[in-house]
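Participant: Okay, so the sequence shown: first residue is 135 according to our numbering, each after it adds one.
Cβ atoms here follow ideal geometry from the backbone N, Cα and C, with glycine treated the same way.
It should be emphasised that the depicted structure is a prediction, and the values quoted were computed from it without experimental measurement.
Here it is, the structure in full.
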Amino acid sequence: MTVKTMHTPEVQALLKKVAGLDNDGGNERVKQIVHRLMHDIFQIVEDFDVTPEEFWSAVYYVNGLGQNGEAPLLAPGLGMDHYLDIRMDAEDAEAGLTGGTPRTIEGPLYVAGAPISDGFARMDDGTDTDSETAIITGRVTDENDQPIAKALVDIWHANSKGGYSYFDPSQSEYNLRRRIRTDADGRYTARTIIPSGYGCPPEGSTQTLLNLLGRHGRRPAHIHYFISAPGYRHLTTQINLAGDEYTYDDFAFATRDDLVVEAHRIDDPAEAEQYGLNGPFNKLVFDVQLLSTEATDQQKRHPRQRALEGESA
Ligand code: MBD
Ligand code: FE
């Protein structure tokens with residue numbers, strides 16, 4: 135039988151003191167949230183009759199999570215990033231904002247300041263011999279299907295091992311990360327490689343918890359995008375490749391129907407030549423529709439900690 139102590143004046147007073155509700159300093163919003171958070175944790179201890187051994191294993195779990203830097207990886211694994219998307223989608227729906235390419239989560243592996251070019255970029259450094267060549271192309275248009283010229287298309291993805299440059303120190307600087315400005319027709323084109331899906335580090339904190347939940351820690355092959363242009367809402371999204379074992383079983387819950395893209399194999403030498411290639415390649419088409427806005431804060435990605443953010447142009 136679990137003892138009930140939450141309702142006692144002693145525990146209620148303790149929670150108020152813990153959250154600083156008995157003083158005038160600090161930040162009122164933080165106090166309210168910490169009060170609720172600690173209340174709910176205490177309540178879990180009561181309801182599940184959490185033992186000291188279980189409690190301390192949770193404390194040291196959090197400690198290890200920080201030590202190996204996986205908090206921003208556990209968050210999407212627990213559906214938190216996707217939940218924020220659900221909320222933003224609901225806000226948009228309530229405001230009558232419809233249309234445009236759907237958003238999906240940013241993930242933890244963006245690096246600011248990738249090289250910029252006009253219309254076209256080669257993204258891979260040519261060293262990934264296990265990969266197939268890909269051309270990713272598409273047009274950025276407005277809600278009337280008119281091209282948006284000089285939109286900034288910021289693309290990043292993994293290599294054939296599922297690793298991202300910067301976080302994977304074996305890759306060259308900004309490998310598979312580029313910013314491309316659309317041409318007069320709103321078009322961007324990238325020459326790159328087909329990425330592999332991502333898997334959480336098998337010995338890491340995230341996978342440790344996922345194992346206890348009977349879950350895998352895998353993402354389908356995918357390609358991340360930030361798309362922005364003056365006068366339009368910034369869009370954070372990604373494409374998930376069709377036919378991957380995990381396309382509809384993504385541990386980070388990022389797949390959306392409109393964002394599943396097929397890689398078409400192109401054997402026609404004339405089309406290869408168009409892209410400066412001399413053999414078969416995979417073609418991925420991803421068109422993006424942006425919604426207009428006058429609110430300047432909506433034209434930028436929302437602030438969050440990101441690698442090299444604020445350090446480069
Ligand atoms: C990734 O590449 C990713 O996009 C997410 C959301 C989580 C882990 C790795
Ligand atoms: Fe990713």
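For ligand 2, any of its heavy atoms closer than 7 Å to the Cβ of Arg353?
Facilitator: Correct: Arg353 has its Cβ closer than 7 Å to ligand 2.
Participant: Glu379: which of Glu204, Gly331, Thr261 sits nearest, CA to CA?
Facilitator: Selected option, being the one with the closest Cα: Gly331.
Participant: Answer yes or no: the CB of Pro336 versus the heavy atoms of ligand 1, is any distance below 7 Å?
Facilitator: No; taking the cut-off as 7 Å, the Cβ of Pro336 has no heavy atom of ligand 1 nearer than that.
Participant: Check each residue's C-beta against every heavy atom of ligand 2 and list, in chain order, those closer than 6 Å.
Facilitator: With the cut-off at 6 Å, the residues found are Gly241, Leu243, Tyr332, His356, His358.
Participant: Is Leu344 helix, strand or coil when you go by DSSP?
Facilitator: Leu344 falls in the helix class under three-state DSSP.
Participant: Could you check where the beta strand (DSSP E) with Lys417 kicks off and where it finishes?
Facilitator: Per DSSP, Lys417 belongs to the beta strand (DSSP E) from 415-419.
Participant: Would a C-beta distance cut-off of 8 Å place Ser339 and Lys434 closer than the cut-off?
Facilitator: Cβ distance not < 8 Å, so Ser339 and Lys434 don't count as in contact.
Participant: Buried or exposed: Phe483, going by 16 or more other Cβ atoms within 10 Å of its Cβ?
Facilitator: Nothing about residue 483 can be reported from this structure: the residues present for the chain run from 135 to 447 only.
Participant: Would you check if there are 3 or more beta carbon pairs closer than 8 Å linking the stretch 271-284 to the stretch 202-217?
Facilitator: No contact exists between the stretch 271-284 and the stretch 202-217.
Participant: Can you pull the DSSP bridge partners for Phe360?
Facilitator: Answer is Asp288, Thr370, bridged to Phe360.
Participant: Under 6 Å Cβ to Cβ from His173, same chain only, skipping five residues before and after it: list those, please.
Facilitator: The residues are Leu149.
Participant: I'd like to know whether the C-beta atoms of Asp288 and Ala255 end up nearer to each other than 8 Å.
Facilitator: No, the Cβ-Cβ distance between Asp288 and Ala255 is not below 8 Å.
Participant: Run through DSSP, which three-state label would Arg321 get?
Facilitator: Three-state DSSP puts Arg321 in a strand.
Participant: Excluding sequence positions up to five away, which residues of its chain have a Cβ less than 7 Å from the Cβ of Ile449?
Facilitator: In the structure displayed, the chain extends from 135 to 447; residue 449 sits before or after that span and is not available.
Participant: Contact check, Pro329 vs Ala355 under 8 Å by CB: the rounded distance?
Facilitator: With a Cβ gap of about 5 Å, Pro329 and Ala355 count as contacting.
Participant: Buried or exposed for Thr430, please, with buried defined as at least 16 other CB atoms from any protein chain shown within 10 angstroms of its CB.
Facilitator: Exposed: under 16 other Cβ atoms inside 10 Å.
Participant: Rounded to whole angstroms, what's the CA-CA distance from His141 to Thr342? Just pull it up for me.
Facilitator: About 34 Å.
Participant: What I want to know is whether the C-beta of Pro437 ends up closer than 7 Å to one or more non-hydrogen atoms of ligand 1.
Facilitator: It does not: the Cβ of Pro437 is nowhere closer than 7 Å to a heavy atom of ligand 1.
Participant: Measuring from the CB of Ile239, is there a heavy atom of ligand 1 at a distance below 7 Å?
Facilitator: The answer is yes for Ile239.
Participant: Taking His216 as part of the beta strand (DSSP E), name the residues at either end of that continuous run.
Facilitator: Where His216 is concerned, there is no enclosing beta strand (DSSP E), although the alpha helix (DSSP H) it sits in stretches over 214-228.
Participant: Can we count Ala255 as close to ligand 1, meaning its CB is less than 7 Å from some heavy atom?
Facilitator: It does not: the Cβ of Ala255 is nowhere closer than 7 Å to a heavy atom of ligand 1.
Participant: Under three-state DSSP, which class holds Asp392?
Facilitator: In the structure shown, Asp392 sits in a helix (DSSP, three-state: H, G or I).
Participant: CB Thr139 to CB Glu180, shorter than 8 Å?
Facilitator: Yes, the Cβ-Cβ distance between Thr139 and Glu180 is below 8 Å.
Participant: Rounded to whole angstroms, how far is the Cβ of Ala441 from the Cβ of Val245, which I believe are closer than 8 Å?
Facilitator: That pair is a contact at about 4 Å.
Participant: I'd like to check one pair, Gly333 with Gly351: are the Cβ atoms closer than 8 Å?
Facilitator: Going by C-beta atoms, Gly351 is nearer than 8 Å to Gly333.
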